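Asker: Taken in order, these protein sequences are the chains called A and B.
Going by the UniProt record's numbering, the first residue of the first sequence is number 1, and it counts up by one from there.
Going by the UniProt record's numbering, the first residue of the second sequence is number 1, and it counts up by one from there.
Glycine residues also receive a C-beta, built at the ideal position from the N, C-alpha and C atoms.
This structure is a prediction, so every number in the text was calculated from the model and none was measured.
Take this structure first; my questions come after.
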Amino acid sequence: MHRYEKIWLTVSSVLIIGFTLIVGYQAFAMDLGPPSDMETIDPQKVDSTAPFDEPGITQIGDKEYEVVMTLQAFSFTPRDLEFPEGSTVHFIMTSKDVVHGMQIAGTNFNAMITPGHVTRMTQTFDEAGDFLVICNEFCGTGHEMMSTEINIR
Amino acid sequence: MTNQQTIEGIPQTEKGHVKDRLKKFMGVQRKDATLAKAYMIVSFVSLLLGALLGLVQGLNRAGLFELPYWFNYYQVLTSHGLLLVLIFTSFFMIGYFYAGISNTLDGLSNGVRKLGWSAFWTKIAGALLAVSQVLIGEATVLYTFYPPMAASVWFYLGLTLIVLGIWQSCFGVFISAAKWRKANKGQRLPILAFFAVGGFVLLFFSSLFVAAEVLFMIIPWTLGWVETINVMVARTLFWAFGHTLVNIWYLTAVSAWYVITPKIIDGPRFSDTLTRVVVVLLVVLNIPGGFHHQIVDPGISEPIKYMHVYMSLVIGFPSLMTAYAMFYIFEKSGRKKGAKGLFGWFKKLPWKDARFLALFIAMASFIVGGAGGIAQTMHQLNQVVHNSLWVVGHFHVTLGMTAAMTFFGVSYWLIPHISGRQLTPKMNRFAWWTTIVWAIGISIMSLVMHYVGLLGAPRRTAFTEYMGNATASSWDPYLLLIAGGATIMTIGIIMQVYTVFHLMFRAPKGEEEFPIGEAEEGNAIKLPYWTERWSVWILLMWATIAMAYVVPLVEMMINGAPGSPPQRTW
Ligand code: HEM
Ligand SMILES: [Cu+2]
Ligand SMILES: [Cu+2]
C-alpha cells in the first residue's frame, strides 16, 4: 500500500468514528435523540382511548402546557393553538388513519406520526410569532391542505 | 460453448486474441446487443416520460401550472417515482451489465439470453400493470406505498411481476459468472463482471425484503384475508429494499468510474484487489442503511437508531476509498502525458470528451451528495431536514447527477457500440452540451431545494399557500427558482434522449469501442483468489443484516402496535 493510501484510510476512519461519537454524545449525554417513543395504541380505537378521547390543551404549570392531539386526513385536532411567549408545550400525538408527519416550520420540531404509536415531544417557544404547523408526510389528496398555526403572543 | 474447447491449450496472452476473433465469427454478440438495446430503449423512454412529469411537478409547486382533477399532483408524483427509481435505472443497469458480461465473459449463453428476454417482458408487464393503476387513480400511494394506504391489488401484483423480472435478470448474471469460473478455474472474474455480480447480489437479496412485504403482508391484507397490517414492519421491510436500491444504482455508476474512465483518459485502472474490496464492502455493509430513513419514526428505540447511524456512516468508507482511487487514476494518466506539479494532471484530462465530462461531473457531484448524506444520517440534523425539500435536493444530486449522469456518459459509447454505429465528433459536441445543460439545471434545482428545505418547505406536497401563512409565502421565490431549474433539466433530458436515439438509429455505421481499462498490476502476476469467494461475502452480508434487523423487527412484531385496516385517502 502506498503511504498516501494509508494516510487517506486513516483520515476516513477517523472521520467516520468521529461523526459517530458526536451523534452518540448528542443523543445520550445531551438528550437530543430523535423522537423514538415505544408507546402503542389501537389505531381503530383512538377516540375511546385516553388521553385521545379528549384532545385539547391543558395548562399544567406556569407557562407549561400539555396538548393531546390527533392527526387525521387532513387535519390536526385541536387546531389554531395559542400560548404566551416563553411557553413550554408538551405534545402527545397519534394518528387516526394513515401515516402523517408533524413539523413546526422554523423549529426543530419534526416527527412521523404513525398509526398505532404515540409520539411525545416538547417544544419551548421563546419568541412571539405565527408558527406554521404542517403535515410533511403524504397522507392523501388533501395532504397539502393539512396545516394549522401556533400563535405565540 | 464450442470456442472454449477450440482454444484450450493456447497460452494466456494469445488466448484473449483468438477469443476476440472467434466471437466475431460466432456473432453471439449481435444477439446480446439486441437484448441490451431493448433495455436501453425502455430505460430512456421512461426517463423522458419521468422528466416531463418532473417538470409538471416543478411548475405546479411554484403555482405556475394547475393539474386536472383526473390526474392530480400525487398521481404525477407516484408515476415520476416509479418511472425513474424503478424503471429507468433498473433497465439501464440490466442493459449495461448484460452488455458488459457479453463483452468480458465471451458472450451470453443461449439460456442466459432467453432469461434476459423473459426478465424484460416480465418487468414490462409488471410496470404497465402498476402504472395503469396509478393512471386510473387506484394507486395514488407514491412509490413508497406506505401502508395503511391501500392501493388496488393489481398495483401490488404489478410490483410483484417487476420483482420476478428482477430475479430472472439476477440469475442470468449469476449463471454467466458461474459458467465462466468453471471454464477459467482459479482466475479472477473480469472486473466489470465482478461489479455486475456485486450489484445483482445486492439487488437479489434486498428485493427479498420488499417481496416479503408485498406478498406476505400487503396482498393478503388488500384482499381482506387478514384485517390489519403492522405498519412499522412494512416500512422497515420497504426501506431495507428502497435504500439498497439507490445504492445499487450507485454501484453501477461506480463500476464505470473504476473500469471505463481509465481507458477513456488513457491511464491504468486502480489496484484490481482494492477495487474488488470496495465492491465487497458496498455489498456487505449496505442493506442496514435502510434505517436512516426511519430516524424520526416511533417504535424503534434510541440505542437501535444509534447503532444504525454507525452502520450508515460506515458505507461512507468505501466511497472515501473511491474518491482516493479517482484522484489516483487522474494523476497517473496526467503524469503519463507529461503533467508536472501538484495539479498539472488536471489540464491533461480530456475535457472535450463527453464520455469523460459526464463521468467527471458525476464524480464531483458525489462529493456534494456524499457530504449531504453524511449530514442527514446524523440524528439531530436529520430531524431538521426529514421530509423537507432538502431530501429531494439530496437525491437529485445523488441519483440525478451521480448515477444518471454516469449513465448518460456510458450511453455515449455503449449505445453506438451495441448499435454498430459511431459517436461522431459532432455528436460528441452535442452530448457535451447535453451534459452541461443537465448539470446546470439539476444544480440549480437541487441547491435551491436544499436551502428551502432548511427553511421548512415540505416534500411531496402540491401547490399550496397554507391559508396565506407568511412563512409559507416566504418560500415562494425559491419555488420559482426550482421551477426554473426543472425547466432547464427537462431541456437537458430531451437532448439526452435525442442523443440516445440518434446514436441508436441514425449515426454513421461503424465500430465504437467498449472501453475497458487494463489492471494496474498488469496480467503478468497471478492475483490472489480470495476476493472471489462470494459465498463468504454473502454470509458476511447476512451477518450484518442480522445484526441490524433481528432485534428491531422482533421487537416490532412482538411488542408492536395493534395493526391498521386498509385506508383510501385519495
Ligand atoms: C427533468 C428532470 C426532473 C425534474 C424536473 C424533477 C423534478 C422533481 C420534483 C420537483 C420532485 C419533488 C416533488 C415533491 O416532493 O413534491 C421530484 C421528486 C423525485 N424525483 Fe425528480 N425530477 C427529475 C428527474 C429525476 C431523475 C432523473 C430521478 C432519478 C433517477 C428523479 C427521482 C425523483 C424521486 C425518487 C423523487 C421523489 C418521489 C417521491 O417523493 O415520491 N427525478 N422530482
Ligand atoms: Cu399529509
Ligand atoms: Cu438510504
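1) Under the three-state reduction of DSSP, which class applies to E54 of chain A: helix, strand or coil?
2) Any chance the CB of A254 of chain B is under 6 Å from a heavy atom of ligand 1?
3) Hey, is T490 of chain B close to ligand 1, as in C-beta under 6 Å from one of its heavy atoms?
4) Checking contacts by CB at 7 Å: is E532 of chain B closer than that to chain A?
5) If you measure from the beta carbon of T122 of chain B to each beta carbon in chain A, is any gap under 7 Å?
6) Thinking C-beta only, is I16 of chain A closer than 7 Å to residue 577 of chain B?
7) K305 of chain B touches chain A at which residues, Cβ-Cβ below 7 Å?
8) If you measure between the beta carbons of A73 of chain A and G140 of chain A, is that distance less than 7 Å?
9) Quick check: the segment 420 to 429 of chain B against the segment 112 to 124 of chain B, are there 3 or more CB pairs under 8 Å?
10) Taking the straight line between their C-alpha atoms, what separation do you get for Q57 of chain B and G344 of chain B?
11) Short of 8 Å in beta carbon distance, which residues of its chain neighbour W239 of chain B, apart from the five on each side in sequence? Order them along the chain.
12) State whether the segment 144 to 151 of chain B contacts the segment 171 to 182 of chain B, with contact taken as three or more CB pairs (one from each stretch) at a distance under 8 Å.
13) Considering Cα atoms alone, identify which of B:M504, B:R459 and B:I166 is closest to I482 of chain B.
14) Tell me which residues of the segment 82 to 115 of chain A have at least one Cβ-Cβ distance to chain B shorter than 7 Å, keeping chain order.
15) Under 6 Å: does the beta carbon of H394 of chain B sit that close to some heavy atom of ligand 2?
16) So is the beta-carbon of V391 of chain B under 6 Å away from any non-hydrogen atom of ligand 1?
17) Classify P303 of chain B as helix, strand or coil using the three-state DSSP reduction.
18) Give the interface partners of S147 of chain A over in chain B, defined as CB-CB distance under 9 Å, in chain order.
19) When the Cα of D272 of chain B is compared with those of B:S564, B:Y529, B:W537 and B:I538, which residue comes out closest?
20) Strictly below 8 Å CB to CB, what residues from chain B border P78 of chain A?
21) Could you tell me if the beta carbon of R460 of chain B falls within a distance shorter than 6 Å of some heavy atom in ligand 1?
22) Please tell me whether I152 of chain A has its Cβ less than 7 Å away from any Cβ of chain B.
23) When you compare the CB positions of T228 of chain B and G563 of chain B, do they come within less than 7 Å of one another, or not?
24) CA-CA distance, W70 of chain B and G101 of chain A?
25) R460 of chain B touches chain A at which residues, Cβ-Cβ below 7 Å?
26) Quick one: residues with CB closer than 5 Å to any heavy atom of ligand 2, in chain order, please.
27) Is the closest heavy atom of ligand 1 to the C-beta of Q567 of chain B under 6 Å?
28) Taking the Cβ atom as the reference point for each residue, do P515 of chain B and K263 of chain B lie within a distance shorter than 7 Å?
29) Answer yes or no: do L132 of chain A and T471 of chain B have a C-beta to C-beta separation smaller than 7 Å?
30) How is K45 of chain A classed by DSSP in three states: helix, strand or coil?
31) In terms of alpha-carbon separation, which member of B:R61, B:Y324 and B:Y306 lies closest to R3 of chain A?
32) Between the segment 58 to 78 of chain A and chain E, which residues of the former have a C-beta closer than 7 Å to a C-beta of the latter?
33) So which residues of chain B does S12 of chain A contact, with C-beta pairs closer than 8 Å?
34) Taking the C-alpha atoms as reference points, what is the distance between K336 of chain B and G267 of chain B?
35) When DSSP builds the beta bridges, which residues end up paired with H100 of chain A?
Answerer: Taking the geometry as given:
1) coil
2) Rather than Ala, the amino acid found at residue 254 of chain B in this sequence is Val. Checking the Cβ of V254 of chain B against ligand 1 gives no.
3) yes
4) no
5) no
6) Summary: the structure shown does not reach residue 577 of chain B, with chain B confined to residues 1 through 570, and so no result is reported for it.
7) P34 and S36
8) yes
9) no
10) 44 Å
11) G290, F291, H293 and Q294
12) no
13) B:R459
14) D97, V98, V99, G101, Q103, A105, G106, N108, N110, A111, M112, T114 and P115
15) no
16) no
17) helix
18) T464, Y466, M467, N469 and A472
19) B:Y529
20) Within 8 Å Cβ-Cβ: nothing; P78 of chain A doesn't reach chain B, min ~16 Å.
21) yes
22) no
23) yes
24) 26 Å
25) F138
26) A:C135, A:C139, A:H143 and A:M146
27) no
28) yes
29) yes
30) helix
31) B:Y324
32) Of the protein chains in the structure, A and B, none is chain E.
33) G316, F317, L320 and M321
34) 7 Å
35) A:I113
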